[in-house]
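> Would you mind keeping the following structure in view while I ask a few things?
Number of protein chains: 2
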Amino acid sequence: MSRRERYRAETRQEAKDHALAQLAEHGPAGISVNAIAHRMGLSGPALYRYFANRDALLSELISDGYLDLARTMEAAAGAGATPEDRVRDMAHAFRAWALAQPQRYLLLFGTPVPGYEAPEGTIGAAQRTLVAFARMLQELPAEENPLDAEFARWTSTRELDVSPSAFRRAVLGWTRLHGVLSLELEGHFTLMGLDVTQVYAQEVRSLLEH
Amino acid sequence: MSRRERYRAETRQEAKDHALAQLAEHGPAGISVNAIAHRMGLSGPALYRYFANRDALLSELISDGYLDLARTMEAAAGAGATPEDRVRDMAHAFRAWALAQPQRYLLLFGTPVPGYEAPEGTIGAAQRTLVAFARMLQELPAEENPLDAEFARWTSTRELDVSPSAFRRAVLGWTRLHGVLSLELEGHFTLMGLDVTQVYAQEVRSLLEH
DNA sequence: TGCGTGAGTTAGAACCTCTAACGCAAGCTT
DNA sequence: AAGCTTGCGTTAGAGGTTCTAACTCACGCA
Chain B
158 MSRRERYRAE TRQEAKDHAL AQLAEHGPAG ISVNAIAHRM GLSGPALYRY FANRDALLSE
218 LISDGYLDLA RTMEAAAGAG ATPEDRVRDM AHAFRAWALA QPQRYLLLFG TPVPGYEAPE
278 GTIGAAQRTL VAFARMLQEL PAEENPLDAE FARWTSTREL DVSPSAFRRA VLGWTRLHGV
338 LSLELEGHFT LMGLDVTQVY AQEVRSLLEH
Chain Z
158 MSRRERYRAE TRQEAKDHAL AQLAEHGPAG ISVNAIAHRM GLSGPALYRY FANRDALLSE
218 LISDGYLDLA RTMEAAAGAG ATPEDRVRDM AHAFRAWALA QPQRYLLLFG TPVPGYEAPE
278 GTIGAAQRTL VAFARMLQEL PAEENPLDAE FARWTSTREL DVSPSAFRRA VLGWTRLHGV
338 LSLELEGHFT LMGLDVTQVY AQEVRSLLEH
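So the sequences go chain by chain: B and Z. So the first sequence is residues 158 to 367, counted in the numbering used here. So the second sequence is residues 158 to 367, counted in the numbering used here.
Structure (structure tokens):
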């Protein structure tokens with residue numbers, strides 16, 4: 158990597174760091190290319206040398222987010238002794254990641270812009286998390302389920318060594334965990350004074366059962 | 158209601174209709190007070206006589222959305238013969254409502270602005286849906302669940318004739334259905350070519366079982 | 001050591017939100 | 001019915017945004 162390329166990569170990363178800070182503080186609408194440039198001591202349009210436009214910056218934030226989430230969950234699963242432990246650890250790492258940076262989680266799993274098409278790299282990063290999760294679940298005993306056939310269509314096209322049943326449980330588990338997390342992050346439970354940890358734990362348990 | 162008040166209400170409603178159209182087409186960021194005013198044949202700032210600011214307009218869209226959703230679900234439950242049917246009908250009305258106007262659903266249950274506090278009316282409208290759902294579930298037999306105690310704290314403070322168990326099943330059901338819907342609307346399943354209807358139906362079934 | 005290119009600059013167009021100041025006319029009140 | 005209030009519309013403008021165009025300079029590569 159040449160000197161130029163290294164500087165360029167550093168500048169891009171610095172811009173993304175500022176973007177993440179703005180995201181955490183003011184939400185996605187608060188991310189402004191202009192403001193980021195000024196904070197970096199640059200004039201407004203300078204950053205357009207580094208990102209084609211605002212959407213490109215946001216897209217990269219999303220891809221990076223999926224990668225970070227995947228790595229975090231994979232790391233969390235490494236320590237568990239039994240398969241049950243590993244699944245539990247992954248699930249709780251998922252929640253911990255989301256709670257630590259709610260707006261970043263919602264950038265991945267919240268409202269998308271209509272017509273937005275995820276670039277190839279982002280799709281890969283997103284699926285990496287899911288496949289890792291499915292691999293963990295595969296080690297657990299599972300009941301038959303009529304939906305397995307539906308999921309077989311997908312697992313057979315890709316060359317992933319994941320069984321339809323494991324993939325079904327991964328997707329369903331994902332929807333259940335995301336359902337709790339999403340509503341929690343949006344504050345739908347705060348007024349009820351609910352201990353979401355317990356609710357989440359129950360849903361995690363439901364993953365281990367079928 | 159005086160002539161003035163009636164005109165005012167009509168203008169407000171017209172603005173909100175335009176806002177919903179813009180929302181459906183371009184997402185929340187595409188809602189522009191300016192553009193709406195121009196489409197109505199008004200000059201930009203005229204609409205600020207009707208809405209304090211852009212956020213006030215969005216807030217009203219949210220409250221209206223909750224009310225509309227609650228009414229839709231209540232109406233759907235009216236026709237069912239058995240309690241199971243009524244719960245199923247409500248759940249499927251929920252999905253139908255979301256699929257018909259995805260961006261509107263995500264306005265209610267998607268990414269919120271950090272620091273956003275729902276006004277009193279919105280909270281009431283949101284809870285109305287949940288309580289109606291709980292009332293339906295209450296007619297179904299239920300197993301004991303350690304979480305019931307957690308939910309009892311909430312049901313006892315309010316004067317709602319809803320049992321903690323029914324409320325627990327309502328909240329958990331809500332998270333499960335929302336989990337599927339949210340990921341479906343964001344397009345996370347499209348690339349897998351998954352028949353989400355089947356997945357959703359399975360989650361609906363899970364509501365009826367415990 | 002030179003030179004090309006990449007990275008910065010400013011200017012500016014076209015949007016946005018929202019405030020201020022002003023005028024008109026509609027409708028409520030007497 | 002006439003007058004007055006007040007609500008509703010206007011334009012001007014400040015300050016923000018994204019992003020393009022045109023220009024300059026100096027950095028790093030050969």
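Note that CB positions come from ideal geometry on N, CA and C, so glycine has one too.
#1: Sorted by chain position, which residues of the same chain lie with C-beta nearer than 8 Å to threonine 312 of chain Z's C-beta, five sequence neighbours on each side aside?
#2: Please give me, in chain order, every unbroken run of the beta strand (DSSP E) with length at least 3 that falls completely inside the segment 172-237 of chain Z.
#3: Confirm, please, whether the CB-CB distance from alanine 282 of chain Z to serine 189 of chain Z is below 8 Å.
#4: Would glycine 281 of chain Z pass as an interface residue toward chain B - the criterion being a Cβ-Cβ separation below 8 Å?
#5: Near histidine 367 of chain Z, what residues of its chain come up, given a Cβ to Cβ distance below 6 Å and the 5 sequence neighbours on each side ignored?
#6: What are the boundary residues of the alpha helix (DSSP H) that arginine 285 of chain B is part of?
#7: Go ahead and label arginine 243 of chain Z buried or exposed: buried means 16 or more other beta carbons lie within 10 angstroms of its beta carbon, across all protein chains shown.
#8: Among B:Leu348, B:His335, B:Met349 and B:Phe251, which one has its Cα closest to the Cα of histidine 345 of chain Z?
#9: Answer with yes or no whether the minimum CB distance from glycine 222 of chain Z to chain B is below 8 Å.
#10: Leaving out the 5 sequence neighbours to the left and right, which residues in its chain are closer than 7 Å to leucine 204 of chain B when beta-carbon positions are compared?
#11: Just verifying my parser: in three-state terms, what is the DSSP assignment at glutamate 167 of chain B?
#12: Just to make sure I have the definition right: I need the residues of chain Z whose C-beta is within less than 9 Å of the C-beta of valine 356 of chain B. Which are they?
#13: What does the alpha-carbon distance come out to for the pair threonine 347 of chain B and glutamate 341 of chain B?
#14: DSSP three-state label for phenylalanine 346 of chain B, please.
#15: Would you mind telling me which residues of chain B sit closer than 7 Å to proline 321 of chain Z, beta carbon to beta carbon, in chain order?
#16: Note down the Cα distance separating glycine 198 of chain B from glutamate 182 of chain B, rounded to an integer number of angstroms.
Result, derived from the coordinates:
#1: Closer than 8 Å at Cβ, skipping near neighbours: Val319, Ser320, Pro321 and Phe324.
#2: Within the segment 172-237 of chain Z, no run of beta strand (DSSP E) reaches 3 residues while sitting entirely inside it.
#3: No, these two residues do not count as a Cβ contact at 8 Å.
#4: Not an interface residue.
#5: Within the same chain, histidine 367 of chain Z has close Cβ partners Glu300.
#6: Per DSSP, the continuous alpha helix (DSSP H) segment holding arginine 285 of chain B begins and ends at 277-295.
#7: Arginine 243 of chain Z is buried by the Cβ-count criterion.
#8: In terms of CA proximity to histidine 345 of chain Z, B:His335 leads the group B:Leu348, B:His335, B:Met349 and B:Phe251.
#9: Between glycine 222 of chain Z and chain B, the shortest Cβ-Cβ separation is not below 8 Å.
#10: Excluding positions up to five away in sequence, the list reads Ala172, Val190, Ile193 and Ala194.
#11: Glutamate 167 of chain B carries a helical assignment under DSSP once its states are collapsed to helix, strand and coil.
#12: Within chain Z, the residues placing a beta-carbon under 9 Å from that of valine 356 of chain B are Leu304, Glu307, Arg325, Val328, Leu329 and Thr332, ordered along the chain.
#13: Going by the C-alpha atoms only, they are around 8 Å apart.
#14: Of the three classes helix, strand and coil, the one that applies to phenylalanine 346 of chain B here is coil, per DSSP.
#15: Correct list: empty, because the minimum Cβ distance to chain B is about 12 Å.
#16: Looking at the two C-alpha atoms, the distance is approximately 20 Å.
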